[in-house]
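Visitor:
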Amino acid sequence: MVSKLPLEWLPVAGPSVTDREVAYATDAARNAWYSGAGDYPRRFEEAYARWVGAAHAISLPSCTSGIHLALAAAGVGPGDEVIVPEITWIASAAPVHYVGATTVFADIDRETWCLDPASFERAITPRTRAVIPVDLYGNMADMPAIRAIADAAGITVIEDAAQAHGAMLGDGRAGSFGDVGVFSFHGSKILTTGEGGMLVTDSDRLADRCRVLRDHGRAPGDHRFINGEVAFKYKMSAMQAAFGLGQLERVDELLARKVEIFGWYRDRLGETDALALNTPLPGSSSVFWMVTAVVDPALGLPKETLRRLLADERIDSRPFFSPLSSQPAYKETPGARGAAERNPVAWALAPFGVNLPSGYNMDEGRVDRVCTTLLRILQEAS
Ligand SMILES: Cc1ncc(COP(=O)(O)O)c(C=O)c1O
Numbered sequence: 010m011v012s013k014l015p016l017e018w019l020p021v022a023g024p025s026v027t028d029r030e031v032a033y034a035t036d037a038a039r040n041a042w043y044s045g046a047g048d049y050p051r052r053f054e055e056a057y058a059r060w061v062g063a064a065h066a067i068s069l070p071s072c073t074s075g076i077h078l079a080l081a082a083a084g085v086g087p088g089d090e091v092i093v094p095e096i097t098w099i100a101s102a103a104p105v106h107y108v109g110a111t112t113v114f115a116d117i118d119r120e121t122w123c124l125d126p127a128s129f130e131r132a133i134t135p136r137t138r139a140v141i142p143v144d145l146y147g148n149m150a151d152m153p154a155i156r157a158i159a160d161a162a163g164i165t166v167i168e169d170a171a172q173a174h175g176a177m178l179g180d181g182r183a184g185s186f187g188d189v190g191v192f193s194f195h196g197s198k199i200l201t202t203g204e205g206g207m208l209v210t211d212s213d214r215l216a217d218r219c220r221v222l223r224d225h226g227r228a229p230g231d232h233r234f235i236n237g238e239v240a241f242k243y244k245m246s247a248m249q250a251a252f253g254l255g256q257l258e259r260v261d262e263l264l265a266r267k268v269e270i271f272g273w274y275r276d277r278l279g280e281t282d283a284l285a286l287n288t289p290l291p292g293s294s295s296v297f298w299m300v301t302a303v304v305d306p307a308l309g310l311p312k313e314t315l316r317r318l319l320a321d322e323r324i325d326s327r328p329f330f331s332p333l334s335s336q337p338a339y340k341e342t343p344g345a346r347g348a349a350e351r352n353p354v355a356w357a358l359a360p361f362g363v364n365l366p367s368g369y370n371m372d373e374g375r376v377d378r379v380c381t382t383l384l385r386i387l388q389e390a391s
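Below, the structure written as structure tokens:
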């Protein structure tokens, strides 16, 4: 009897790692000590700032710490409000709580799934101090519109580009449109250092403030160990920075691969009315961090049912983020009050979206397997 091979499990995300990153990280492990300890972080920061087109880049242990630093550097604190889109990972919002401010949730755009500028504008009050637009799943938010509204109201813009390294809007790269931009290098992201983050800004004042706040209130270059204030410890190790430098040197190849993977999905799913795929903002290019399908609500196929049916075929997926105001962590907070009525698009789409396998290990055959399975499931549901 011939036994059937088990189907390969297709994970939803994963990196591309070559000998280059391994060699750099190995070199750092051997040599980045004593007077050379800061070399790789400095090289990674300089190369990253050049690539994004920002005056300053500060390497960090995570993107979450970058948002925390940006809020603290902007002086956001108790009594202030910060506007965050409903649909994002909680890391975009949690640092608002760390600084003692209140998170107010705004709606997303129906096409791009990023912060809706009109909803952002409606959510502004005299207490609003900052907004954190998110470049969701690799799509650019409408940063010029958001920026114009924020500037008119005197609000700090922190662009959360954790999922969108390399996305472009006009001539500008994701992360370069706010007062501060932040990126994640978690293992699932476009570029990775295992865990890690980067904060970029053109503002000398904000960069100086972040550099002090991220080192326990100590000025850069201080050898007397003077702590001017109680602050944080947010630094990336030399081994992570070395790995990240190797990833950054491969960024064009990595971005091309993401676009290619999305193209295979679009060729197979783009024609069906039963779902909508990632739709970039006009004038922008998405990096399609996660290929995402929002199924037509009329089919009555909730995301958790769809995910179970995909998992039965050994296909991993993630749920489209649920509105943050619906999460146990937030639903009783003042900023979540009335959010379901105020943010109807987020609440309508979220139950029906899934992220499909989008890791760098995907090839056309694997994408074909996901699409054939998904189309069959949709056919059976209709
Ligand atoms: C939109 C968004 N913001 C922030 C973060 C936080 O990144 P990190 O895990 O590096 O802190 C993530 C991570 O998944 C994210 O997706």
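If you're matching positions, the sequence shown starts at 10 in our numbering and goes up one per residue.
Cβ atoms here follow ideal geometry from the backbone N, Cα and C, with glycine treated the same way.
1. I want to check one thing, is the minimum distance from the CB of Thr97 to the heavy atoms of ligand 1 below 7 angstroms?
2. Among residues of its own chain, excluding the 5 on either side of Arg323, which ones have a beta-carbon nearer than 8 angstroms to its beta-carbon?
3. Would you grab the beta carbon distance between Ile67 and Leu208 for me? Rounded to a whole angstrom, and I think it's under 8 angstroms.
4. Consider the C-beta atom of Thr112 and the heavy atoms of ligand 1; say whether any pair is separated by less than 7 angstroms.
5. I need the boundaries of the alpha helix (DSSP H) containing Asp28, first residue and last residue.
6. Tell me whether the segment 181-190 and the segment 53-63 touch, counting them as touching only if at least three CB pairs, one residue from each stretch, are closer than 8 angstroms.
7. Between the alpha carbons of Gly237 and Trp356, how many angstroms are there, rounded?
8. With a threshold of 6 angstroms on Cβ separation, who are the neighbours of Ala348 within its own chain once the five nearest residues in sequence on each side are excluded?
9. Out of Thr121, Pro153, Pro328 and Glu168, which one is the CA nearest neighbour of Ala139?
10. Let me check one thing: in DSSP terms, what residues is His195 bridge-paired to?
11. Are there any heavy atoms of ligand 1 lying less than 7 angstroms away from the beta-carbon of Thr73, as far as the coordinates show?
12. Taking the alpha carbon of Ala247 as the reference point, which residue from Gly23, Arg51, Thr134 and Leu358 has its own alpha carbon closest?
13. Which class does Ile158 belong to by DSSP, given the choice of helix, strand or coil?
14. Any heavy atom of ligand 1 closer than 7 angstroms to the Cβ of His232?
15. For the beta strand (DSSP E) containing Thr137, name the first residue and the last one.
16. So for Phe114, helix, strand or coil by DSSP?
17. Considering only C-alpha positions, which residue in the set Ala32, Val296, Pro306 and Gln256 is nearest to Gly205?
18. Just tell me which of Ala102, Ile155, Gly109 and Ala110 has its CA closest to the CA of Ser128.
19. DSSP on Pro20, reduced to helix/strand/coil?
20. Given this structure, state the Cα-to-Cα distance separating Gly309 from Ala32, to the nearest angstrom.
21. Is Phe297 buried or exposed, if buried means 16 or more other CB atoms sit within 10 Å of its CB?
22. How many Å lie between Ala8 and Cys72 at the Cα?
Guide: Inspection of the coordinates gives the following:
1. yes
2. Pro15, Leu16, Glu17, Trp18 and Leu19
3. 5 angstroms
4. no
5. Asp28 to Asn40
6. yes
7. 45 angstroms
8. Phe114 and Ser334
9. Glu168
10. Gly203
11. yes
12. Arg51
13. helix
14. no
15. Thr137 to Val140
16. strand
17. Gln256
18. Ile155
19. coil
20. 50 angstroms
21. buried
22. The chain is shown only over 10 to 391; residue 8 falls outside these bounds and no answer can be derived.
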